[in-house]
Amino acid sequence: MHRFRYDALPVSRWRNGGGETREIVSFPPGAADFGWRASIATLDASGPFSLFPGVDRVITLLQGDSPLLQSGQQAHRLQRHQPWRFAGDAAVQATVHGRCSDFNIMTRRDSWRADVSIVQDSPQQSLHGVAYVLSGAWQCASGDMLQPAQGIWWLDEPLTLTPQSCDALLLWCRLSRVL
Numbered sequence: 026m027h028r029f030r031y032d033a034l035p036v037s038r039w040r041n042g043g044g045e046t047r048e049i050v051s052f053p054p055g056a057a058d059f060g061w062r063a064s065i066a067t068l069d070a071s072g073p074f075s076l077f078p079g080v081d082r083v084i085t086l087l088q089g090d091s092p093l094l095q096s097g098q099q100a101h102r103l104q105r106h107q108p109w110r111f112a113g114d115a116a117v118q119a120t121v122h123g124r125c126s127d128f129n130i131m132t133r134r135d136s137w138r139a140d141v142s143i144v145q146d147s148p149q150q151s152l153h154g155v156a157y158v159l160s161g162a163w164q165c166a167s168g169d170m171l172q173p174a175q176g177i178w179w180l181d182e183p184l185t186l187t188p189q190s191c192d193a194l195l196l197w198c199r200l201s202r203v204l
């Protein structure tokens with residue numbers, strides 16, 4: 026298990042100047058091509074998303090403006106705390122009218138799959154995953170507590186997170202290997 030705090034994540038500015046990324050993890054660490062990657066991005070300006078052939082993406086708006094994402098004739102407006110899945114192969118243009126931040130999970134489609142949800146009132150368990158506390162408090166089976174803007178990622182060990190406050194809200198990403 027690997028804990029993280031938003032304010033301690035390394036920041037990388039985008040080449041196009043439209044935002045920044047705080048990488049949570051790229052797995053396997055140090056590999057040229059990731060199997061899966063989790064990050065939190067801040068969008069400051071409209072522009073294209075980077076292409077990731079062979080990768081599936083799930084993006085979840087955390088706060089701020091609801092950007093409009095367009096690919097060809099399809100358009101989707103991100104809504105706060107509503108995960109949206111799309112192919113990394115697609116040319117996606119984001120139209121932003123104000124600053125926003127979002128959680129991103131990218132999985133190499135021939136090896137990993139991510140299922141992202143926002144949960145609040147029940148314990149969550151998975152063998153692999155990433156979790157990020159949106160509000161309230163969540164407790165690991167080990168007794169460790171996670172607060173807002175803190176998270177955890179893990180592989181090959183069952184992890185259970187249990188809400189500890191009535192305002193507990195968690196971004197839960199269950200990862201599974203593709204066979």
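In our numbering, the protein residues as written are 26 to 204.
C-beta: ideal position from N, C-alpha, C; glycine also.
Legend entry - the region 157-165 contacting the region 183-193, beta-carbon criterion three pairs below 8 Å: Yes: the two stretches touch, three or more of their Cβ pairs being nearer than 8 Å.
Inset, instruction - Would you decide whether P53 is buried or exposed? Buried here means 16 or more other CB atoms lie within 10 Å of its CB. - result: Residue 53 sits at position 28 when you count from the first residue of the sequence shown. With fewer than 16 other Cβ atoms within 10 Å, it is exposed.
Inset, instruction - Could you name each continuous beta strand (DSSP E) segment of 3 residues or more that falls completely within the region 70-138, going from the start of the chain to the end? - result: Correct list: 80-89, 93-96, 99-102, 109-112, 118-120 and 125-133.
Inset, instruction - Pull up the DSSP beta-bridge partners for F59, would you. - result: For this step, residue 59 is matched to residue 34 along the sequence shown. None; F59 has no bridge partner.
Legend entry - Buried/exposed call for V229, threshold 16 Cβ in 10 Å: As shown, the chain starts at 26 and ends at 204. That puts residue 229 outside it, with no answer to give.
Inset, instruction - Find the nearest neighbour of R202 within the set D135, A100 and V117, judged by alpha-carbon distance. - result: Here residue 202 corresponds to residue number 177 of the sequence shown, with the count starting at 1. Ranking D135, A100 and V117 by Cα distance to R202 puts D135 first.
Inset, instruction - Leaving aside the five residues before and after Y31 along the sequence, list all residues of the same chain whose C-beta is less than 6 Å from its C-beta, in chain order. - result: As a working mapping, residue 31 is identified with position 6 in the sequence shown. Same-chain partners within the cutoff: A174.
Inset, instruction - Determine the direct distance from the alpha carbon of Q99 to that of V158, and round the result to whole angstroms. - result: Indexing the sequence shown from 1 puts residue 158 at position 133. Indexing the sequence shown from 1 puts residue 99 at position 74. CA-CA distance, V158 to Q99, rounds to 31 Å.
Inset, instruction - Report the three-state DSSP secondary structure of A162 (helix, strand or coil). - result: Position 137 of the sequence shown, counted from the first residue, corresponds to residue 162. Looking at A162 - three-state DSSP - the assignment turns out to be coil, as it is neither helix nor strand.
Inset, instruction - Enumerate in chain order the residues of its own chain whose CB-to-CB distance from D192 is below 8 Å, with the five nearest sequence positions on each side excluded. - result: As a position in the sequence shown, residue 192 is number 167, starting the count at 1. S160 and G161.
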